[in-house]
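S.K.: To start, I am sharing the structure in question, which I have written as structure tokens.
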Amino acid sequence: MKQPLHALALALLVAAGIGLPDAYAQTRTDVAVAAPWHVSGIDPAQDGYTFQRMEVGETLVDADATGALRPGLATDWTVSDDGLTWRFDIRENVVFHDGSALDAAAAASSLNRAMTRPGILSSVPLEAIEADGNAVVVRLSEPFSAVPAVLANYTTMILAPASFDAEGNVVAFIGTGPFAVDKVETPLSLAVRRFDDYWGEAPAIEAASYLSASRAETRALMAESGDADVAVTLDPAGYAQLKRVDGIAVEAVSIPRSIVLKLNLARGPLADKAAREALSLAIDREGIAAGILRFPDAAATQLFPPVLKGWYDADLPPLAYDPERAAELLAGLGWEKGDDGILTRDGARFALTLRTFPNRPELPLIAAALQDQWRAIGVDLAVSVGNSSEIPAGHQDGSLDVALYARNYGLTPDPVVNTVDDFGTGGGDWGAMNWDAPEVAEALTAALRQSDPEARSAAIHTVASALQQELPVIPIAWYQHTVAYPVALEGLVVDPLERTYGLSAVRWAR
Amino acid sequence: MRLTVEELSVHAGSTRLVGPISLAIEAGEPLTILGETGAGKSLLAQAIMGALPEGLTAQGAITLDGRRLDTLPPRQRRALWGHEIAMLPQEPWRALDALMRSGEQVAESHAIVAGEGWKTAEARAHDALSGLGLEERAMAAWPGALSGGMAQRVAFAAATAAGAGTLLADEPTKGLDEARRDDVTALLLRYVEDGHLLLTITHDVAVARALGGKVMVLKDGEAVEHGAAAEVLHAPKSAYGQALIAADPANWPHIIPQRGGEPVLVAEGLGIARGRRLLLDGVGLSLRAGQRIAVVGESGLGKSSLLDTLAGLIPAAGGAVRRLGRGAAPFAVQKLYQDPPAAFAPRVPLAESFRDLERRHRISRAEREMLLERLGLSPGLLARRPDAVSGGELQRLALVRVLLLQPAVILADEPTSRLDPVTQRQVMEVIGAIARQSNVGLVLVTHNRTMARRWADSTLDLSDYTPLRAAG
Amino acid sequence: MAISLGKLTLGRIVQAAIVALVVGVVGFAMMEALPGDAAYRIAAGRYGYDMVTGAAAEQVRSELGLDRPAAERLLTWVGQTFTFDLGQSAVTGERVGHAIDHQLGHTVELALVAVAVALLIAVPIGVLAGLRPGSLFDRISAALAIVVRAMPAFLIGIVLMLVLAVELGLVPAAGHGHGGNFVLPALTLGIVLASVLTRVVRNAVAATVASDAFQFALHKGLPMRAAFLRHGVRNAAVPVVAYLGVQMALLLEGVVVVESVFSWPGIGHALTHAIFERDVPMLQGTALTLGLMFVLLSFLADLACRALDPRLNT
Amino acid sequence: MRLPRLVGLVCLLVIAVLTILGPSLSGFDPAKQNLRAILLPPGTDGHLLGTDNLGRDIAARILGGAQITLSLAALAVASAAAFGVGLGMLAGWRGGVTDRLLGALSDAVLALPGLLLVLLLAAIRPDSWWTLYAGLALTLWVEFFRVSRARTRVLTASPAVEAARLLGLGRWHVVRRHLWPDLSLQILTLAAFGAATVVTALATLGFISVGLRPPTPEWGVMMAELLPSWREAPWAIAAPVVALAATVLSLRLAAGSEG
């Protein structure tokens, strides 16, 4: 029990106000990361994204900051003419952290195991994944153009065979990345150290640590006090504060994640397109972006943010803020204001319940803002802050009215996989609900199957404009990913796809 | 050795509580101060000691062997405690630290105050305590397990361990029965014979008589008598002095024993137990209407338990209690308590308690007024709360409350032990007279055998019924 | 009315059994009554909220047999608990027993240092105030204690983190691993405890000094220091120790908040997450452990009281 | 009446009056937002205490919050007192099996850390205030129970009660004349401390987002919302903190006896 005595002595020192020598003076070789997400397990399907961001595990296909695919553990890949067979050539002389060599068989078995767990692979029409010589062959039941993009997702990270026990549970995380696992203390911390036999360029820093700090204020304070070098996902106020601290640089990068309002079109008031349009017109997006998110240009003009090239359509008419127009539209639909200021139509009140969750600090605030803005046009919105899973649960059992969340369209570098899940026939847990739009479904399958670029972008255009007019989902703001780091930490690149913290490319100045 | 006090008075802000008093004590000639409880006697001792509680101030010169004490700065005055001047506390069982063994509390005085090494200190303490008649077992016992008498002796040993030449004893015999009282008095006499100065404060005339030397009587904070014990105790000049001496049970007139009416309460072969321990066995008692029986015995023998059994509050461990004639009526057996204020609801004016009783038993107010008058109590008293009324008046009010129910039997558990002698005598006379007129049977529990003989028709000595004796 | 040691121990064991039962059944019943579908919540906890889909929830439901009738699941849990097997966490899959050992260790360490800090603050202030009741120092420490008691623990924590970690850079702000991380959470918790403990110590000392026993010790000639050390300390300690036993509830509540502010991997942190993620086995495991820890600490306080005060174990 | 107690009562009176008058006093609607005027310093555009992170008037929200927080505190304490004292008297008076049974029940509830009980109840119905009230009341009653049981046990053995029973006075007389006058003082003190605990607990619950549903202006939720911008707008977070401290301080002073 040496620890408590040691701490007691420290407490005394603190009480006596004696300054400790600055332990961080000499040039450092380690980096500490603070982020809100738990490390609840070492299974890639669970919180695997942290192992990918800390560059412990790697995928067959990689993507650069713009989302363009590039070789990862697979040097190149080809697709058969009928689009049903993909071949990925495995990179030569790559070594796992336990020293064993990476070959096609190891890669295939790792992917097969990933198929048995929930993850991105479940949305691909897979027949089989086999090893053939030094290549991994992926057989499909129907053409699916985004296979390489899917194999860039963290749930498809390649682990050494020794990582799994008989039933396929992960017993140790043995990847191929530039850093290897040093110590995992679920649910709060992960420590990694440099893997000297890494196939790529060796990183400058020797060790890195990841701490899950769920409170945004704590992360901001850790950045300021130097206990965390890289603080990720800051709350708006924390971001504004750290901007003023010298020695600390802050970056806000718009990422392919949008804050959206999911509507259940089976609900009476939401069935009419004009009503949805009115609700959208009543939202003061600039006010929310400037007042709550503190990024004035985060106000969404359409669903897909500019960073998603090809999907963002500049000439779509932008969403506007016009409460009077909204009131006229609703009046046109026969809604009259009752004495409590809430609209009623043949006896039914225009009252809805919005579900959101507190893990992202800005969501409850935006919910409160929407509640006030919709009340101005006579819509009674109740806000229920609960658990994130209540939204898909509400979608499945139809109990959902409205939901507010931040949807990630960059799960795979090519957003088509997400959009198919969200807006394909029958809608999606995190997409449209009870919205029948056959022409959109057709366009989506075309985008999925077409490899010819013009045809693909035409299909995407139809989808984007339909979403903008029909508004099954009302976009609010484009998500800004915020990071704070000491100026002395050189070479840090903030990845908009949130695939990596970029630790392998940084070094301490001096 | 000589202690002189000139014009000593104690004040609480502007109001004078006691004094001015002048006195002198020489070696071999103790001074005993007598007077009503609450007359400020203890304040005098505390003033001399220099240990007055917060907020009280003393004026007047105090000199010990020619050295002025009252002008000493507090730190030097405290340095005299234990070395030159010591004080024996009122309730020794509260003054001893419950969390330290008795012997050790005496040894620490020898070791720390007198400065002897711990080894010799323990030996000294052992000799002192055995000299006072305490066995080994008592020395090692926790203070809570000691009897009143033993606790007083331990306190004495601890107080005088450092050889203090002057001892101030404040009510040293309070709460002790006669035998223990005489032990403590002998202890103090021996202290005087060793050439020390003794100032004793007591309300017990017998203690003053035994100590001899000089006696001073206080009334309303002033000395009404001051002179040699022999004179003052036999021919007091002041009215209060005479009343005080007359109040000593030894000077009470002898009662003319009476047969009393038909029996109201009979107990045969009664066994009394507290918890699992059998205290008394084979107790027989037959109480007739208007008759007075006194029950005497040392404290801890089971007097109160006997009363509770007779009142039906606790079951008898053997034998039976039978209520006859008027005694059989409901509420016929009532009880008077040792500490008068504790018998009434503390935070409620007395009038309300009486009104509840009258409403419960449909008794008219006139009856209450008539009884108050007979017991010499002004109706205005009822407007006050119990803690604002004197002990004597409260006990009489308790009697009124009981008489309202025309009881057949009144069980009195040491009703006057907390009162000073003069009030005690008045209350006992009133109880006796009313009982006779209302034809009520009375059982009085007391540790004062003289009072029992002078007041009751017959006496029951419980020491005849202790299990050992009964079995033997 | 002192009860014998044997009876006291038996009483505490019975209380522990009651706690186990109450926590288990009440915890379980409440989780059953929770709105929404447990499978979805658990899936969100496991796979991150982007991945939570109907399919993921179905897989969790079948894996954990959440469709079995509630009574059956409760019986299996009760059966397991008696064999000291608290089952598996529905979210992380880790054995609950193992997770709790690991986290309980952290919380106990934190609690011990916090109590030490509380005593370090409360005893000196309490004694000084108690020796001079009504003095300016006494009144100021009383007002200060009340204001600190009024402050929620998270505010104290943030202020301490700002002053000690950010401004002065003396100690790490949050996290765990090397020794320094202890200081802020323990200091916060210590201050929360000390705010109430100071008054208890002050009252105990004031009462002891005014008692007849202490006055007689002085009248015997003992100097103030010796009288206080030999008679004051022990007599004042009895009510303080008795209070410490009851005060554990405040400590455990403080732990829940402080651990989330300072990201300390303790049992309090696990408890709040278990509730949000509807991780039934983990919730019952942590609640049971917290409850039993409380019963154990009150029992230890009882024993300490009996050791100090002989009158209790007649 | 000692000075501190008087000061406490006066403060309580002021707080009570402000609470009854409520948000209308500040001339603003506590829920009305103005996203372009967030975190204004006190005194600007008529906002006495400035605006919060959604541009709402802080003074109005403090007054609105007072109504909710203090009424919830009063309700929880009142029911905890009634429940606790009632059972306490019963246990103290009856003794024997009833006493042991109720004692075991109170120990069991005490063993379950208060916050856990409230968390579980609040998690059942995250947005309804009655679960919060039930949780808080359940954790508070034990204190009242233990104090009243101990006092009742002492008083029933006292000569005064024994005499009353001998004189044929019934149970209600004993309760009205003997038990209640003695207990009422201590219950008042416990109630003040209980209210202070409830107010602080609500703040803690707000912090771990189990508290009341937006936009209810509750002090605890306000602290949690305003905490992130404590460096940018320290006066914003100061408002609920000072309100909480003032309320708790005046409760304690009014309660009188040493806390």
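Protein chains in written order, with numbering that gives the first Met the number 0: chain A, 0 to 509; chain B, 0 to 471; chain C, 0 to 313; chain D, 0 to 258. Using N, Cα and C, we set each Cβ at its ideal position, and we do this for glycine too. Because the structure is a prediction, the values reported are computed rather than measured.
So is the beta-carbon of D:ALA58 under 7 Å away from any non-hydrogen atom of the ligand GDP?
M.R.: No copy of the ligand GDP occurs in the structure displayed, which carries no ligand at all.
S.K.: Hey, quick one: how far does the alpha helix (DSSP H) through A:SER108 stretch, first residue to last?
M.R.: 103 to 114
S.K.: Is the beta carbon of D:GLY87 less than 8 Å from the beta carbon of D:ARG148?
M.R.: yes
S.K.: Could you tell me whether the Cβ of B:GLU351 comes closer than 8 Å to any Cβ of chain D?
M.R.: Put simply, the CB of B:GLU351 is near chain D, with a gap under 8 Å to one of its CB atoms.
S.K.: Against D:PRO214, what residues of chain A qualify as contacts under a CB-to-CB distance less than 8 Å, listed in chain order?
M.R.: ALA367, GLN370, ASP371 and VAL382
S.K.: Just tell me which of B:SER457, B:ARG383, B:ALA228 and B:LEU95 has its CA closest to the CA of B:VAL444.
M.R.: B:SER457
S.K.: Would you say D:LEU331 lies against chain A (beta-carbon separation less than 8 Å)?
M.R.: What the structure shows of chain D is the stretch from 0 to 258, and residue 331 of chain D is not part of that stretch, so it cannot be assessed.
S.K.: Checking contacts by CB at 8 Å: is C:MET0 closer than that to chain A?
M.R.: Bear in mind that the predicted position of C:MET0 carries a pLDDT of just 43, short of 50, making it too unreliable to give a figure here.
S.K.: When you compare only the Cα positions, how much space is there between A:ALA22 and A:TRP477?
M.R.: With a pLDDT of 47 at A:ALA22, under the threshold of 50, the predicted position of this residue should be treated as unreliable, and no value is reported.
S.K.: Leaving out five residues before and five after B:TRP251 in sequence, what residues of the same chain have Cβ atoms less than 6 Å from its Cβ?
M.R.: ARG453
S.K.: Hey, B:ARG346 and B:LEU376: beta-carbon distance below 8 Å or not?
M.R.: no
S.K.: Could you spell out where the beta strand (DSSP E) holding B:THR56 opens and where it closes?
M.R.: 55 to 63
S.K.: Would you mind sorting B:ALA227 into buried or exposed? The rule is 16 or more other CB atoms within 10 Å of its CB.
M.R.: exposed
S.K.: Can you list, in chain order, the residues of the region 259 to 293 of chain C whose Cβ is nearer than 9 Å to any Cβ on chain A?
M.R.: SER259, VAL260, PHE261, SER262, TRP263, PRO264, HIS268, ALA269, HIS272, PHE275, GLU276 and ARG277
S.K.: How many Å lie between A:ALA445 and A:TRP310 at the Cα?
M.R.: 15 Å
S.K.: Please say whether B:LEU305 and D:LEU166 have beta carbons closer to each other than 8 Å?
M.R.: Taking 8 Å as the cut-off, the beta carbon of D:LEU166 is found no closer than this to the beta carbon of B:LEU305.
S.K.: Using a Cβ cut-off of 7 Å, pull out every chain D residue sitting near C:ALA149, in sequence order please.
M.R.: ALA195, THR199, LEU243, ALA244, VAL247 and LEU248
S.K.: Do you know offhand how far C:PRO132's Cα is from D:LEU2's?
M.R.: 16 Å
S.K.: Between the region 269 to 282 of chain A and the region 22 to 31 of chain D, can you find at least three pairs of beta-carbon atoms closer than 8 Å?
M.R.: no
S.K.: D:LEU168 touches chain B at which residues, Cβ-Cβ below 9 Å?
M.R.: SER352, ASP355, LEU356 and ARG359
S.K.: Following the continuous beta strand (DSSP E) through A:PRO485, name the residue where it begins and the one where it ends.
M.R.: Following the DSSP letters along the chain, one finds A:PRO485 inside the beta strand (DSSP E) bounded by residues 472 to 485.
S.K.: Could you tell me if B:GLN436 is buried or exposed, where buried requires 16 or more neighbouring beta carbons within 10 angstroms of its beta carbon?
M.R.: exposed
S.K.: What does A:THR510 touch in chain C if you count any residue whose Cβ is under 8 Å from its own?
M.R.: This structure gives no information on residue 510 of chain A, because the portion of chain A shown stretches from 0 to 509.
S.K.: How far does the alpha helix (DSSP H) with A:MET53 in it reach, from first residue to last?
M.R.: Neither: A:MET53 is in no alpha helix (DSSP H) and is coded neither H nor E.
S.K.: Return the CA-CA distance between A:ALA236 and A:PRO322, expressed in angstroms with no decimal places.
M.R.: The straight-line gap from Cα to Cα measures roughly 28 Å.
S.K.: Under the three-state reduction of DSSP, which class applies to C:ASP100: helix, strand or coil?
M.R.: helix
S.K.: Starting from D:LEU154, trace the alpha helix (DSSP H) in both directions and tell me its first and last residue.
M.R.: 128 to 155
S.K.: Suppose the cutoff is 6 Å on Cβ atoms and the five residues either side in sequence are ignored; what does the same chain contact list for B:GLY49 look like?
M.R.: ARG76
S.K.: Using 8 Å as the threshold, is the C-beta distance between A:PRO305 and A:ALA62 below it?
M.R.: Between A:PRO305 and A:ALA62, the CB-CB gap reaches or exceeds 8 Å.
S.K.: Alpha carbon to alpha carbon, how far is D:LEU89 from C:ALA303?
M.R.: 30 Å
S.K.: Could you name each continuous beta strand (DSSP E) segment of 3 residues or more that falls completely within the region 246 to 313 of chain A, going from the start of the chain to the end?
M.R.: 247 to 262
S.K.: Excluding the five sequence neighbours on either side, which residues of its own chain have a C-beta within less than 7 Å of the C-beta of C:VAL77, listed in chain order?
M.R.: GLY23
S.K.: When DSSP labels each residue in this structure, what does A:ARG163 get in the three-state scheme?
M.R.: It should be pointed out that residue 163 of chain A corresponds to Phe in this sequence rather than to Arg. Here A:PHE163 sits in strand by DSSP.
S.K.: Closest by CA to B:GLY324, which one among B:PRO406, B:TYR336, B:LEU402 and B:ALA344?
M.R.: B:PRO406
S.K.: Please name the residue or residues paired with D:ASN33 in a DSSP beta bridge.
M.R.: According to DSSP, D:ASN33 bridges with nothing at all.
S.K.: Taking only runs that begin and end inside the region 107 to 174 of chain B, name each unbroken alpha helix (DSSP H) of 4 or more residues, in chain order.
M.R.: As far as the region 107 to 174 of chain B is concerned, its whole alpha helix (DSSP H) runs of at least 4 residues are 117 to 130, 135 to 139 and 147 to 159.
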